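Visitor:
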Amino acid sequence: MVEAREIIGSLVQFQRPPEDIASVETTTYPGAAGPLPIRIFRPILDKTLPVILFLHGGGWMAGDIDLLDGPCRSLANATGALVISAAYRLAPENPFPAAPDDAFAALQWVQAHCNEYGGDPTRLAVAGESGGGTLAATTALRARDAGGPALAAQILLYPAIDPDADTASRTEYGDGYLITAKAVDWMWRQYLPDPTLARLASPARASSLAGLPPTLVVTMEYDALRDEGEAFAEQLRQAGVTVEQVRIDGLIHASMTLSALTDKTDQIYAAAGRFLQHHLAAVPDTVEP
616 MVEAREIIGS
626 LVQFQRPPED
636 IASVETTTYP
646 GAAGPLPIRI
656 FRPILDKTLP
666 VILFLHGGGW
676 MAGDIDLLDG
686 PCRSLANATG
696 ALVISAAYRL
706 APENPFPAAP
716 DDAFAALQWV
726 QAHCNEYGGD
736 PTRLAVAGES
746 GGGTLAATTA
756 LRARDAGGPA
766 LAAQILLYPA
776 IDPDADTASR
786 TEYGDGYLIT
796 AKAVDWMWRQ
806 YLPDPTLARL
816 ASPARASSLA
826 GLPPTLVVTM
836 EYDALRDEGE
846 AFAEQLRQAG
856 VTVEQVRIDG
866 LIHASMTLSA
876 LTDKTDQIYA
886 AAGRFLQHHL
896 AAVPDTVEP
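As structure tokens, then:
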């Protein structure tokens, strides 16, 4: 476990230097079992901003808000949104449902406090990458079922959707493309030691997907998780949800953390910016340099 966390944490070396933004502030929020770190990224814009709650990846058992600090800066600049990155408890020390409980608590905190940082709680989105994409999806479901906080959009970046997904991409790209199919299985077991709870942990197994906010699903061409993300996008469409699905050619899993290796990672932020411009009016006509 220590080795896995060190490997995932080392991905920071493959990121570009962090972009300049107006401000970065780290504080804590009341997680489901105690205080947890949360970081607020404000772009250089003098106006009330839409808000993105961002949930980091790492297979639910690694990663933190430091690893995604640079990507969150880029996301704030690309979308013109206040990005708020929340930590959550990690498996296996804290298995399911610890992480989704914390994610929902973070959403409640963001709705209540984002105005203190210049955010507009009526224009609120949830986003996440990899395992954080799973949490974003389950958080949107929970918010729907609880009657709030109201979400205007969700962004799922190369999400892990189902522990038992049997897809062509898991076979074709399940070895040699950063994350392996065996690693995916192992991470699910750390996060979800009781497989009977998969119906609650997997957003694809929700009894209904109707009533969810407009959704952007971004997948990577050479990613073992590609097909399950795209299949989930189709499930959402069939449920009547407004969905945009983007596949980025030439990229692998976890590409938000690999920006120093290829400029193609810019396409992730561009897709998010276009999507939120439409659904949250997130990007102004002119953005200050």
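Remember, our numbering sits 615 above the position in the sequence shown when you count from 1. C-beta atoms are modelled at their ideal positions from N, C-alpha and C, and glycine is treated no differently. These figures come from a predicted structure and were not determined experimentally.
(1) Along the alpha helix (DSSP H) that carries Met-835, what are the first and last residues, could you check?
(2) Where does Val-741 sit, in a helix, a strand or coil, going by DSSP?
(3) With a cut-off of 8 angstroms on the beta carbons, I'd call Ala-758 and Leu-722 a contact; round off their distance for me.
(4) I need the DSSP call for Phe-890, collapsed to helix, strand or coil.
(5) Exposed or buried, what is Arg-814 when buried is set at 16 or more other beta-carbons lying within 10 Å of its beta-carbon?
(6) Let me know the secondary structure DSSP gives Glu-708 once reduced to three states.
(7) If you follow the alpha helix (DSSP H) that Pro-686 is in, where does it begin and where does it stop?
(8) Within its chain, find whatever has a CB closer than 8 angstroms to the CB of Thr-665; leave out the 5 residues flanking it on each side and keep chain order.
(9) Alpha carbons only, please: which of Ala-755, Leu-670, Asp-684 is nearest the one belonging to Leu-873?
(10) Under three-state DSSP, which class holds Ala-619?
(11) Starting from Tyr-644, follow the beta strand (DSSP E) in both directions and report where the run begins and ends.
(12) I'd like to check one pair, Ile-863 with Tyr-792: are the Cβ atoms closer than 7 angstroms?
(13) Is Pro-632 closer than 7 angstroms to Thr-643 when the C-beta atoms are compared?
(14) State buried or exposed for Asp-781, treating a residue as buried only when at least 16 other CB atoms are found within 10 Å of its CB.
(15) Which residue from Glu-621, Arg-657, Ala-718 puts its Cα closest to that of Ala-648?
(16) Give the secondary structure of Val-856 by DSSP, where H, G and I count as helix, E and B as strand, and everything else as coil.
(17) Out of curiosity, what's the CA-to-CA distance linking Val-902 and Cys-729?
(18) Rounded to a whole number of angstroms, what is the C-alpha to C-alpha distance between Pro-904 and Glu-634?
(19) DSSP three-state label for Arg-654, please.
(20) Which one of Glu-859, Leu-876, Val-858 has the shortest CA to CA distance from Gly-865?
(21) Which one of Arg-804, Pro-764, Ala-846, Leu-690 has the shortest CA to CA distance from Pro-818?
(22) Quick one: what's got a C-beta closer than 6 angstroms to Glu-640's C-beta in the same chain, skipping five residues either side?
(23) Do you know how far the Cα of Arg-688 is from the Cα of Gln-630?
(24) Could you tell me the distance, in whole angstroms, from the CA atom of Ala-637 to the CA atom of Thr-811?
(25) From Ala-706 to Thr-834, what does the alpha carbon distance come to, in whole angstroms?
(26) When you compare the region 745-762 with the region 771-779, are there three or more beta-carbon pairs, one atom per stretch, that lie closer than 8 angstroms?
(27) Can you look up Ser-817 in the DSSP assignment and give me helix, strand or coil?
(28) So Ala-821 and Leu-756 are in contact, right, with Cβ under 8 angstroms, and what is the actual spacing, rounded?
(29) For Tyr-837 and Val-627, what's the separation of their Cα atoms in angstroms?
Guide: In terms of the structure at hand:
(1) Run containing Met-835: none in the alpha helix (DSSP H); it sits in the beta strand (DSSP E), 830-837.
(2) strand
(3) 6 angstroms
(4) helix
(5) exposed
(6) coil
(7) 684-694
(8) In the sequence as presented, Thr is not what sits at residue 665; that position holds Pro. Counting only Cβ-Cβ distances below 8 angstroms, and skipping sequence neighbours, we find Thr-694, Gly-695, Ala-696, Leu-697, Gly-734, Asp-735, Arg-738, Leu-739, Ala-740, Ala-767, Leu-891, Leu-895, Ala-896, Ala-897.
(9) Asp-684
(10) helix
(11) 638-646
(12) no
(13) no
(14) exposed
(15) Ala-718
(16) coil
(17) At Val-902 the pLDDT is 35, less than 50, meaning the model places this residue with poor confidence; the figure from the coordinates comes in the next sentence. Roughly 21 angstroms between the two C-alpha positions.
(18) Reliability of the predicted coordinates at Pro-904 is poor, the pLDDT of 30 falling under 50, and the value obtained from them is presented with this limitation in mind. Rounded to the nearest angstrom, the two C-alpha atoms are 11 angstroms apart.
(19) strand
(20) Leu-876
(21) Ala-846
(22) Ile-655
(23) 12 angstroms
(24) 46 angstroms
(25) 25 angstroms
(26) yes
(27) coil
(28) 5 angstroms
(29) 20 angstroms
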